[in-house]
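**Q** In the working numbering, the protein residues as written are 2 to 359. Ideal Cβ positions, reconstructed from N, Cα and C, are used throughout, including at glycine.
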Amino acid sequence: MKKYILIAGTISTLFLYSCAKASLPHETPPVVITPVTPTPPTPPPPVDTFFYAKGADIGWLSQMEAEGKKFYDANGNQKDGIELLKSKGINSIRLRVWVNPSTIYCGTADVISQAKRAQSLGMKIMIDFHYSDWWADPGKQNKPAAWKNLAFDALTTTLYNYTKDVVTQLKTNGVTPTWIQIGNETNDGMLWEEGRASKSMANFSALIAAGAKAVRETSPSSKIIVHISNGYDNAMFRWIFDGLKTNNVDYDVIAMSLYPTATNWQLINDQCYVNMLDMVSRYNKEIMISEVGMDYTKATECRGFLTDIISKNKSLANHKGLGVFYWEPECFNNWQGYNMGAFDNNGKPTIAMDAFLN
Numbered sequence: 002m003k004k005y006i007l008i009a010g011t012i013s014t015l016f017l018y019s020c021a022k023a024s025l026p027h028e029t030p031p032v033v034i035t036p037v038t039p040t041p042p043t044p045p046p047p048v049d050t051f052f053y054a055k056g057a058d059i060g061w062l063s064q065m066e067a068e069g070k071k072f073y074d075a076n077g078n079q080k081d082g083i084e085l086l087k088s089k090g091i092n093s094i095r096l097r098v099w100v101n102p103s104t105i106y107c108g109t110a111d112v113i114s115q116a117k118r119a120q121s122l123g124m125k126i127m128i129d130f131h132y133s134d135w136w137a138d139p140g141k142q143n144k145p146a147a148w149k150n151l152a153f154d155a156l157t158t159t160l161y162n163y164t165k166d167v168v169t170q171l172k173t174n175g176v177t178p179t180w181i182q183i184g185n186e187t188n189d190g191m192l193w194e195e196g197r198a199s200k201s202m203a204n205f206s207a208l209i210a211a212g213a214k215a216v217r218e219t220s221p222s223s224k225i226i227v228h229i230s231n232g233y234d235n236a237m238f239r240w241i242f243d244g245l246k247t248n249n250v251d252y253d254v255i256a257m258s259l260y261p262t263a264t265n266w267q268l269i270n271d272q273c274y275v276n277m278l279d280m281v282s283r284y285n286k287e288i289m290i291s292e293v294g295m296d297y298t299k300a301t302e303c304r305g306f307l308t309d310i311i312s313k314n315k316s317l318a319n320h321k322g323l324g325v326f327y328w329e330p331e332c333f334n335n336w337q338g339y340n341m342g343a344f345d346n347n348g349k350p351t352i353a354m355d356a357f358l359n
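Shown next, in the form of structure tokens:
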């Protein structure tokens, strides 16, 4: 009996299996459909909205215009100076401000007028405080006459109040500078002798800090710049910015000047690039080339220089390179004895300016 049941069970199992697997002659075998997961479309790359400054310092422009200088495009058509610069790729304007100049030029009212004019054309504005009645540069950092006899604490307070007043006037007139430079080419400090860095880095730091405080309180969106010349001189940059770091000075941007010749610009640019990399690594600051220039008769070489330094500055990781400003490119025909503009003697831009179009 047990043997019979086993056989019957086996036969039954085989029969059921056969029925399950076999199709009747009139039946179509089932079609097996494997579901396919659609591949999502590749999203477009993110749009880079970073603003890179292609700038010009035009502190002389209002005076040139007042004295009858005219500017022309390549076809000989007379153009507004700032509009002509814009057509050559310039998107930012730098303006120096002097405390009490002997003429109206580069005074607060002139700077406000020029800033409004440039801003109306869609340009961003850099304000360059010299803290002097005239030029401040590596060879001279003379105090304004009205500040000459102030004790250091009063000098610091006066700088703070003056900075705050000028920035407030700009903002009242609808101009919020994108960048504000505290001092110009302060290789050995400013407001000598008290603010000479080689004499007292602490004093120099206090002056920069006072200007920075005024900017933070008055125009918090503006980036604060500290500016040194000779952008290839890494030792000097380390000395100044180590000193500011030791004194906990608040600022955002390290700025450089660069004025090579037609024969050494490749070497100078390479050295400047090494310095830029070191400044980013050592201080985690952004880098601006606030001033460049070359003999206007060397326009081809100048175009190569500009193209290369813009590329090197742009290549800094994480958008640490902010831009390049040509110093007084509109100067021509030996204006004020200056021959490093980027216009020819007929008031037309040279091919050097083409570097800003790329």
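Output the distance between the C-alpha atoms of Met280 and Asn185, rounded to the nearest integer angstrom.
**A** Taking the first residue of the sequence shown as position 1, residue 280 is located at position 279. Taking the first residue of the sequence shown as position 1, residue 185 is located at position 184. Cα to Cα, the separation comes out at about 18 angstroms.
**Q** Can you tell which of Tyr53, Pro261, Arg95 and His131 has its C-alpha closest to the C-alpha of Pro102?
**A** Here residue 102 corresponds to residue number 101 of the sequence shown, with the count starting at 1. Of the listed residues, the one whose Cα sits closest to Pro102 is His131.
**Q** Any idea if Thr264 is buried or exposed, counting beta-carbon neighbours within 10 angstroms, 16 or more meaning buried?
**A** The count along the sequence shown starts at 1 and reaches residue 264 at position 263. Exposed, because fewer than 16 other Cβ atoms sit within 10 Å of the Cβ of Thr264.
**Q** Count Cβ pairs between the segment 304-318 and the segment 39-49 that sit closer than 8 angstroms; are there 3 or more?
**A** No, they do not touch.
**Q** Near Lys22, which residues of its chain fall below 8 angstroms by C-beta distance, leaving aside the five closest residues on each side in sequence?
**A** In the sequence shown, counting from the first residue as 1, residue 22 sits at position 21. For Lys22, the predicted model reports a pLDDT of 46, less than 50, meaning its position is unreliable and no value from the coordinates is stated.
**Q** Taking three-plus beta-carbon pairs below 8 angstroms as touching, is the segment 197-212 in contact with the segment 107-115?
**A** No, they do not touch.
**Q** Based on the DSSP secondary-structure assignment, which residues constitute the bridge partners of Leu96?
**A** One-based indexing of the sequence shown puts residue 96 at position 95. Answer is Ile128.
**Q** Are at least three pairs of beta-carbons, each pair with one atom in the segment 134-150 and one in the segment 182-200, less than 8 angstroms apart?
**A** Contact between the segment 134-150 and the segment 182-200 is present, because at least three Cβ pairs lie under 8 angstroms.
**Q** How far does the alpha helix (DSSP H) with Leu160 in it reach, from first residue to last?
**A** As a first step, residue 160 is located in the sequence shown; it is residue number 159 there, counting from the start. Start and end: Phe153 to Thr173.
**Q** So what's Lys141 in DSSP terms, helix, strand or just coil?
**A** As a first step, residue 141 must be located in the sequence shown, where it is residue number 140. The answer is strand: DSSP assigns Lys141 an E or B state.
**Q** Just verifying my parser: in three-state terms, what is the DSSP assignment at Trp180?
**A** Here residue 180 refers to the residue found at position 179 of the sequence shown. DSSP places Trp180 in strand when its eight states are reduced to three.
**Q** In the DSSP assignment, find the beta strand (DSSP E) that holds Met191 and state where it starts and stops.
**A** As a working mapping, residue 191 is identified with position 190 in the sequence shown. Where Met191 is concerned, there is no enclosing beta strand (DSSP E), given that its DSSP letter is neither H nor E.
**Q** Which of the three DSSP states, helix, strand or coil, is assigned to Lys80?
**A** To locate residue 80, count along the sequence shown from 1; it is residue 79. Reduced to three states, the DSSP call for Lys80 is strand.
**Q** Would you call the segment 160-177 and the segment 77-85 touching, i.e. three or more CB-CB distances under 8 angstroms?
**A** These segments do not touch.
**Q** Asn174: which of Phe52, Thr159, Ser121 and Ala203 sits nearest, CA to CA?
**A** Start at 1 with the first residue of the sequence shown, and residue 174 comes out as number 173. Of Phe52, Thr159, Ser121 and Ala203, the residue nearest in Cα terms is Ser121.
**Q** Give me, in chain order, the residues of the same chain whose beta-carbon lies closer than 6 angstroms to that of Phe51; leave out the 5 immediate sequence neighbours on both sides.
**A** Here residue 51 is taken as the residue at index 50 of the sequence shown, counted from 1. Closer than 6 angstroms at Cβ, skipping near neighbours: His320.
**Q** Residue range of the alpha helix (DSSP H) that Val250 falls in?
**A** One-based indexing of the sequence shown puts residue 250 at position 249. Val250 -> no alpha helix (DSSP H), and no H or E assigned at all.
**Q** So, using beta-carbon positions, are Phe333 and Tyr297 closer together than 9 angstroms?
**A** Residue numbering aside, residue 333 sits at position 332 when the sequence shown is read from its first letter. Residue numbering aside, residue 297 sits at position 296 when the sequence shown is read from its first letter. Against a cut-off of 9 angstroms, the Cβ pair of Tyr297 and Phe333 comes out as a contact.
**Q** Using a Cβ-Cβ distance under 9 angstroms, would Asp296 count as near chain C?
**A** Annotation note: the requested chain C is absent from the structure, which comprises a single protein chain.
**Q** Determine whether the beta carbon atoms of Thr187 and His228 lie at a separation below 9 angstroms.
**A** Against the sequence shown, residue 187 aligns to sequence position 186. Against the sequence shown, residue 228 aligns to sequence position 227. Yes.
**Q** If you draw a straight line from the alpha carbon of Thr247 to that of Ile91, how long is it in whole angstroms?
**A** If you number the sequence shown from 1, residue 247 lands on position 246. If you number the sequence shown from 1, residue 91 lands on position 90. Approximately 37 angstroms between the Cα atoms of the pair.
**Q** For Asp279, report the span of its alpha helix (DSSP H) as first-last.
**A** Translated into the one-based positions of the sequence shown, residue 279 becomes position 278. Counting along the chain, the alpha helix (DSSP H) containing Asp279 begins and ends at Trp266 to Tyr284.
**Q** For Ile255, which beta-bridge partners are listed by DSSP?
**A** Residue mapping note: residue 255 aligns to position 254 of the sequence shown, counting from 1. Paired residue(s): Val227 and Ile288.
**Q** Within the same chain, show all residues whose beta-carbon is closer than 7 angstroms to that of Glu287, passing over the 5 residues directly before and after it, in chain order.
**A** Position 286 of the sequence shown, counting from 1, holds the residue named residue 287. Cβ within range, chain order: Asp253, Val254, Lys321 and Leu323.
**Q** The beta strand (DSSP E) spanning Leu323 covers which residue range?
**A** Along the sequence shown, read from residue 1 onward, the residue named residue 323 stands at position 322. Start and end: Gly322 to Trp328.
**Q** So the alpha helix (DSSP H) Ala210 belongs to, where does it begin and stop?
**A** Numbered from 1 along the sequence shown, position 209 holds the residue referred to as residue 210. Looking at the DSSP string, the run of the alpha helix (DSSP H) that includes Ala210 is Met202 to Thr219.
**Q** Work out the CA separation of Trp99 and Tyr73 for me, nearest whole Å.
**A** Counting from one through the sequence shown, the residue named residue 73 turns up at place 72. Counting from one through the sequence shown, the residue named residue 99 turns up at place 98. Between Tyr73 and Trp99, the C-alpha separation is close to 29 angstroms.
**Q** Report the rounded CA-to-CA distance for Asp355 versus Thr219, giving the unit in angstroms.
**A** Residue 355 sits at position 354 when you count from the first residue of the sequence shown. Residue 219 sits at position 218 when you count from the first residue of the sequence shown. Looking at the two C-alpha atoms, the distance is approximately 37 angstroms.
**Q** Could you tell me if Gly342 is buried or exposed, where buried requires 16 or more neighbouring beta carbons within 10 angstroms of its beta carbon?
**A** Locating residue 342 in the sequence shown gives position 341, where the first residue counts as 1. Counting Cβ neighbours within 10 Å, Gly342 comes out buried, since at least 16 surround it.
**Q** Whole-angstrom Cβ separation of Lys313 and Asn270, contact assumed at under 8 angstroms?
**A** Numbered from its first residue, the sequence shown carries residue 313 at position 312. Numbered from its first residue, the sequence shown carries residue 270 at position 269. Their Cβ separation, rounded to whole angstroms, is 6 angstroms, which keeps Lys313 and Asn270 in contact under 8 angstroms.
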